[in-house]
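Take a look at the structure set out below.
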Amino acid sequence: MANVAEETFHGPDGAERQAGLRHFRAGARVWVLPPRYRDEDEQVEVIGFHRGSHSRLINFIVFRRHLERFRTKAVYNPTVVLARENSPYWN
């Protein structure tokens with residue numbers, strides 16, 4: 095589990111500053127899935143609630159540098175487990 099960073103930097107040399115990400119608001123809690131391949135260090139797959147719809151979970155691949163406060167927590171939400179099983183990135 096992690097949170098989306100308050101400020102993320104995009105573009106050449108990080109010239110563009112943005113609050114959160116396009117699909118996740120700043121501080122949003124996301125579940126980080128384990129990498130499928132050994133060399134996947136820069137980007138990770140996450141599941142979280144979309145910025146525009148607080149009731150819809152989405153799977154997305156984001157840069158690890160846009161996440162902060164990594165921690166380990168058990169997943170009790172069956173919707174998150176189902177979203178992980180139906181992930182387009184894992185099929």
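Offset between the sequence shown (1-based) and the working numbering: plus 94. Quick reminder that beta carbons are idealized off the backbone N, C-alpha and C, glycines included. All values derive from a computational prediction rather than experimental measurement.
Check                                                                     : Outcome
For ARG145: DSSP bridge partner residues                                  : Looking at the DSSP assignment, ARG145 forms no beta bridge with any residue, so it has no partner.
Sub-7 Å separation of ILE155 and ALA177 beta-carbons                      : no
Whole-angstrom distance between TRP125 and PHE143, CA atom to CA atom     : 10 Å
Beta-carbon gap between GLU162 and ASN97 smaller than 7 Å                 : yes
Nearest-angstrom Cα separation, counted from GLY114 out to ARG159         : 12 Å
For ALA99, the nearest candidate out of GLU110, ALA122, HIS117 (CA to CA) : ALA122
For ALA168 and GLU147, the rounded distance between their alpha carbons   : Correcting the residue identity first, residue 147 is Ser in this sequence and not Glu. Straight-line Cα distance between these residues: approximately 24 Å.
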